[in-house]
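Heads up: the structure comes next, in structure tokens.
Number of protein chains: 2
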Amino acid sequence: MFTTQLDPAGQVLTLTTPNGPLRFHAMWLRDNSWDPETRAAGNGQRLLSLGELPADTHMTEAAASGDQITIRFAPEGKTVTYDGGWLIDNAYDRPTATERGWLGDGISTWDSGLMGNVPIGDFAQLSSDPDALGAWLEQVTRYGFGKVVNGPIEDGALFKVVDLFGYVRETNYGRHFEVRTEVNPTNLAFTGLGLQAHTDNPYRDPVPSVQVLYCLESSAAGGENMVVDGFAAARRLREEDPAAFDVLANHCARFEYAGEEGVCLQSRRPMIELAPDGEIIGLRFNNRSLAAVTDVPFDQMQAYYAAYRRLGEIIDDPAMEVTFRLEPGEGFVVDNTRVLHARKGYSGEGTRWLQGCYSDKDGLRSTFAALSRSRRQEAAE
Amino acid sequence: MFTTQLDPAGQVLTLTTPNGPLRFHAMWLRDNSWDPETRAAGNGQRLLSLGELPADTHMTEAAASGDQITIRFAPEGKTVTYDGGWLIDNAYDRPTATERGWLGDGISTWDSGLMGNVPIGDFAQLSSDPDALGAWLEQVTRYGFGKVVNGPIEDGALFKVVDLFGYVRETNYGRHFEVRTEVNPTNLAFTGLGLQAHTDNPYRDPVPSVQVLYCLESSAAGGENMVVDGFAAARRLREEDPAAFDVLANHCARFEYAGEEGVCLQSRRPMIELAPDGEIIGLRFNNRSLAAVTDVPFDQMQAYYAAYRRLGEIIDDPAMEVTFRLEPGEGFVVDNTRVLHARKGYSGEGTRWLQGCYSDKDGLRSTFAALSRSRRQEAAE
Numbered sequence: 006m007f008t009t010q011l012d013p014a015g016q017v018l019t020l021t022t023p024n025g026p027l028r029f030h031a032m033w034l035r036d037n038s039w040d041p042e043t044r045a046a047g048n049g050q051r052l053l054s055l056g057e058l059p060a061d062t063h064m065t066e067a068a069a070s071g072d073q074i075t076i077r078f079a080p081e082g083k084t085v086t087y088d089g090g091w092l093i094d095n096a097y098d099r100p101t102a103t104e105r106g107w108l109g110d111g112i113s114t115w116d117s118g119l120m121g122n123v124p125i126g127d128f129a130q131l132s133s134d135p136d137a138l139g140a141w142l143e144q145v146t147r148y149g150f151g152k153v154v155n156g157p158i159e160d161g162a163l164f165k166v167v168d169l170f171g172y173v174r175e176t177n178y179g180r181h182f183e184v185r186t187e188v189n190p191t192n193l194a195f196t197g198l199g200l201q202a203h204t205d206n207p208y209r210d211p212v213p214s215v216q217v218l219y220c221l222e223s224s225a226a227g228g229e230n231m232v233v234d235g236f237a238a239a240r241r242l243r244e245e246d247p248a249a250f251d252v253l254a255n256h257c258a259r260f261e262y263a264g265e266e267g268v269c270l271q272s273r274r275p276m277i278e279l280a281p282d283g284e285i286i287g288l289r290f291n292n293r294s295l296a297a298v299t300d301v302p303f304d305q306m307q308a309y310y311a312a313y314r315r316l317g318e319i320i321d322d323p324a325m326e327v328t329f330r331l332e333p334g335e336g337f338v339v340d341n342t343r344v345l346h347a348r349k350g351y352s353g354e355g356t357r358w359l360q361g362c363y364s365d366k367d368g369l370r371s372t373f374a375a376l377s378r379s380r381r382q383e384a385a386e
Numbered sequence: 006m007f008t009t010q011l012d013p014a015g016q017v018l019t020l021t022t023p024n025g026p027l028r029f030h031a032m033w034l035r036d037n038s039w040d041p042e043t044r045a046a047g048n049g050q051r052l053l054s055l056g057e058l059p060a061d062t063h064m065t066e067a068a069a070s071g072d073q074i075t076i077r078f079a080p081e082g083k084t085v086t087y088d089g090g091w092l093i094d095n096a097y098d099r100p101t102a103t104e105r106g107w108l109g110d111g112i113s114t115w116d117s118g119l120m121g122n123v124p125i126g127d128f129a130q131l132s133s134d135p136d137a138l139g140a141w142l143e144q145v146t147r148y149g150f151g152k153v154v155n156g157p158i159e160d161g162a163l164f165k166v167v168d169l170f171g172y173v174r175e176t177n178y179g180r181h182f183e184v185r186t187e188v189n190p191t192n193l194a195f196t197g198l199g200l201q202a203h204t205d206n207p208y209r210d211p212v213p214s215v216q217v218l219y220c221l222e223s224s225a226a227g228g229e230n231m232v233v234d235g236f237a238a239a240r241r242l243r244e245e246d247p248a249a250f251d252v253l254a255n256h257c258a259r260f261e262y263a264g265e266e267g268v269c270l271q272s273r274r275p276m277i278e279l280a281p282d283g284e285i286i287g288l289r290f291n292n293r294s295l296a297a298v299t300d301v302p303f304d305q306m307q308a309y310y311a312a313y314r315r316l317g318e319i320i321d322d323p324a325m326e327v328t329f330r331l332e333p334g335e336g337f338v339v340d341n342t343r344v345l346h347a348r349k350g351y352s353g354e355g356t357r358w359l360q361g362c363y364s365d366k367d368g369l370r371s372t373f374a375a376l377s378r379s380r381r382q383e384a385a386e
């Protein structure tokens with residue numbers, strides 16, 4: 006099934022696999038040994054630092070037997086066995102992304118067409134059925150948002166939603182905040198104004214990467230919620246005008262919020278954030294808290310503002326938006342590094358009372374990955 | 006003091022200032038108006054989205070009077086007055102960074118020479134004296150770490166340290182974690198092993214950007230703490246070998262922790278993280294939780310591992326490290342996106358009991374900025 010070949014210096018293993026030939030370096034292989042001297046048996050953490058492996062590490066023998074690849078390393082004189090499937094899954098001898106704006110596996114962009122297919126989880130089911138929770142988290146990860154319905158109608162119910170997947174990120178706004186009309190609002194969110202689609206708290210670094218909004222009362226006219234896929238908007242901008250995408254990705258914006266005593270939050274981050282290899286990993290878009298942009302060179306500023314305007318037009322395009330109304334006992338979760346949310350204006354008649362809080366994607370992704378792993382293990386047993 | 010000049014199209018204002026001429030674009034100026042129709046009076050948030058400003062905004066008049074610059078915008082027919090000092094402070098008509106690896110204002114790198122000058126705050130003073138707290142936070146921001154001494158010796162005292170500047174980031178490890186020897190450790194931190202200098206939780210995205218470690222018992226031999234400035238290490242690598250710096254900044258590493266039931270934390274981020282304009286904004290370094298690196302192209306992997314090795318050697322160089330011993334009632338705060346921490350091995354005799362927790366830089370920086378602002382306001386009154 007596998008055959009092995011070493012180069013004369015013992016630096017490169019060429020493994021012939023069912024997927025074609027794959028090359029691996031001696032040092033990479035040695036650093037990724039899973040034997041009990043290299044990795045702690047219980048928790049899988051690496052016991053050795055790279056400096057403890059000889060700098061002149063090379064391979065003197067390699068052999069395949071069934072799915073197992075055995076390699077002998079010098080000067081340690083150490084023999085390590087690898088699973089061929091693991092090597093295929095972790096191979097790096099492959100073409101790499103060359104275009105900016107690509108998206109990771111398990112992410113699908115969307116527009117208003119998602120309206121009839123919004124990820125919805127029933128609170129009781131999510132709470133009791135790991136498969137239902139796993140399926141809903143898969144969708145939340147894929148689309149960057151999801152609704153919860155039939156939840157409790159009680160003060161603090163939103164924390165029970167967070168408990169499904171992670172932990173509350175407390176901020177100066179508290180462990181949670183009340184979204185209802187206030188007389189002297191510290192934030193425009195606490196008025197009846199319509200709000201352009203935005204990501205929350207771009208002035209915070211690290212930004213809260215998950216937001217939960219949960220409805221307790223909803224008899225006022227208007228106030229519908231709306232979400233827009235920021236990754237889809239960024240990619241549409243790139244298709245229309247790659248230079249516009251680049252100018253927003255290549256320069257930092259600045260954001261600020263200093264609307265209350267003792268608070269002065271400031272950040273310097275691009276509106277479109279890319280990994281060094283061009284993956285889109287974040288969007289920050291919020292007209293209310295954009296500070297003076299001072300990190301764009303003079304000769305790029307006109308293009309920057311034109312790109313920022315066009316991105317806003319795309320975000321405001323009804324073809325991009327999914328609109329829904331939250332009823333009491335319903336809430337939604339958004340990936341705040343990706344999905345923008347908005348609400349339509351509402352008037353003083355009747356009441357509208359939402360509670361909101363922040364959380365982070367590490368917990369959400371970890372819960373999803375752990376559920377997927379345990380499902381795979383069950384399937385394998 | 007100021008003179009103004011408009012280009013024929015009304016797109017560019019050239020302002021002659023005590024600092025020389027500075028150019029500003031019409032759209033930038035209009036978007037940065039601070040009049041009450043543009044910005045909410047109480048909280049300073051922008052009331053208009055860019056789409057609500059005419060795309061053909063231009064200037065028809067500009068005049069200076071003392072420190073005030075008045076501009077008339079068409080087609081709105083709107084007159085806005087700017088403070089000349091604000092324009093100078095926010096000018097973008099200036100040379101931009103061309104070298105990778107620069108550092109922001111208020112950041113100073115350090116090595117073992119900082120040993121005699123570690124930022125130390127007295128807990129009672131930090132709690133009662135805003136000037137002392139501001140001065141300590143300035144140092145913590147500058148160096149990325151600081152000690153607290155003479156604090157309470159009681160379970161949970163570390164939360165009182167966090168309360169000085171921010172909020173606890175709860176994770177799967179809890180609101181805090183106990184650092185003492187365990188029999189079946191879920192994490193190597195909970196053993197007596199020495200640990201190479203590292204940043205915590207690089208497998209988490211967003212990474213917890215502040216860590217607090219606080220000592221409650223300390224009679225075991227060994228177990229000294231050590232900190233290393235990761236920004237200094239990255240810049241030293243860059244001085245020695247720019248290509249080594251680049252290969253670590255240009256490609257994502259992968260980190261993983263799945264050492265306990267229900268947890269599978271994974272991230273894909275570079276070891277050296279740069280803003281798009283080359284500012285160093287983060288370091289992730291942790292041999293224990295580095296997963297298989299699969300995003301480095303085959304022909305770069307050897308160089309990548311050589312750079313990773315050299316960065317580790319620099320981090321392990323005693324010339325880079327500041328060592329101290331925590332006594333009961335003492336703790337330290339580190340910027341976990343920058344400063345690595347380590348501890349020397351310790352033996353079973355006596356006890357060593359620390360508590361640790363995570364927090365975030367947004368709160369720390371906001372508290373520092375708000376204290377600085379109120380000090381400036383007092384000085385101006």
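These protein sequence lines map, in sequence, to chains B and W. Per the numbering used here, residue 6 is the first one in the first sequence, and the count goes up by one each step. Per the numbering used here, residue 6 is the first one in the second sequence, and the count goes up by one each step. Virtual Cβ for every residue (Gly too), placed ideally from N, Cα, C. All values reported here derive from a predicted model rather than from experimental measurement.
Pick from the options that is closest to residue i, judged by C-alpha positions
i	options	result
B:N177	W:F170, W:D127, W:N292, W:F303	W:F170
W:Q360	W:S113, W:G126, W:Y351, W:G161	W:G161
B:R44	W:G109, W:N292, W:F236	W:N292
W:A324	W:V233, W:A46, W:L52	W:V233
B:Y313	B:H181, B:W115, B:L242	B:L242
B:N37	W:Y351, W:Y310, W:S379	W:Y310
W:R185	W:P302, W:K152, W:L221	W:L221
B:W115	B:E57, B:A46, B:A237	B:A237
W:A390	B:G25, B:S54, B:Q144	In the structure as shown, chain W starts at 6 and stops at 386, and residue 390 of chain W therefore has no counterpart that could be examined.
B:Q50	W:I319, W:A263, W:D88	W:A263
B:G334	B:D321, B:L316, B:R357	B:R357
B:Q305	W:S224, W:Y97, W:F303	W:Y97
W:P302	B:R99, B:W33, B:G25, B:G47	B:R99
B:D251	B:N95, B:Q10, B:E104, B:Y351	B:E104
W:T15	W:N255, W:H181, W:T21, W:D61	The displayed chain sequence assigns Gly, not Thr, to residue 15 of chain W. Ranking W:N255, W:H181, W:T21, W:D61 by Cα distance to W:G15 puts W:D61 first.
Residue i (DSSP reduced to helix, strand or coil)
i	result
B:A96	coil
B:R315	helix
B:M276	coil
B:P26	strand
W:F373	helix
B:K349	coil
B:S364	strand
Check whether residue i and residue j have beta carbons under 8 Å apart
i	j	result
B:G106	B:R240	yes
W:F4	W:V167	This structure does not reach residue 4 of chain W, given that chain W is present from 6 up to 386, and the question cannot be answered.
B:E81	B:P59	yes
W:G111	W:T65	no
B:V85	B:D40	yes
B:A31	B:H63	yes
W:I286	W:L253	no
W:M231	W:V344	no
B:A79	B:L18	no
W:L376	W:G228	no
B:S223	B:L331	yes
B:N95	W:T299	yes
W:I93	W:T9	no
Residue i Cβ short of 7 Å to the ligand NAP heavy atom set
i	result
B:V17	Only the bare structure without any ligand can be found here, which leaves the ligand NAP out of the picture.
**Start-end ranges of the beta strand (DSSP E) lying completely within the stretch 192-260 of chain W, minimum 3 residues** = 200-203, 215-223, 230-234
Subject >> Complete runs of the alpha helix (DSSP H) confined to the stretch 31-62 of chain B [at least 4 residues] >> reply: DSSP runs (the alpha helix (DSSP H)) wholly in the stretch 31-62 of chain B: 31-36.
Could you tell me whether the stretch 363-371 of chain W touches the stretch 128-141 of chain W, where touching means 3 or more Cβ pairs closer than 8 Å? no
In chain order, each alpha helix (DSSP H) run of at least 4 residues that lies wholly inside the stretch 101-166 of chain B
128-133, 135-148
Does the stretch 262-273 of chain B come close enough to the stretch 215-223 of chain B that 3 or more CB-CB pairs lie under 8 Å? No: fewer than three Cβ pairs fall under 8 Å.
Are the stretch 255-263 of chain W and the stretch 329-340 of chain W touching by the rule of at least three beta carbon pairs closer than 8 Å?
no
query: Touch check for the stretch 193-205 of chain B and the stretch 247-255 of chain B: three-plus C-beta pairs under 8 Å?
result: no
Secondary structure, alpha helix (DSSP H): runs of 4+ residues fully inside the stretch 67-97 of chain B = 89-94
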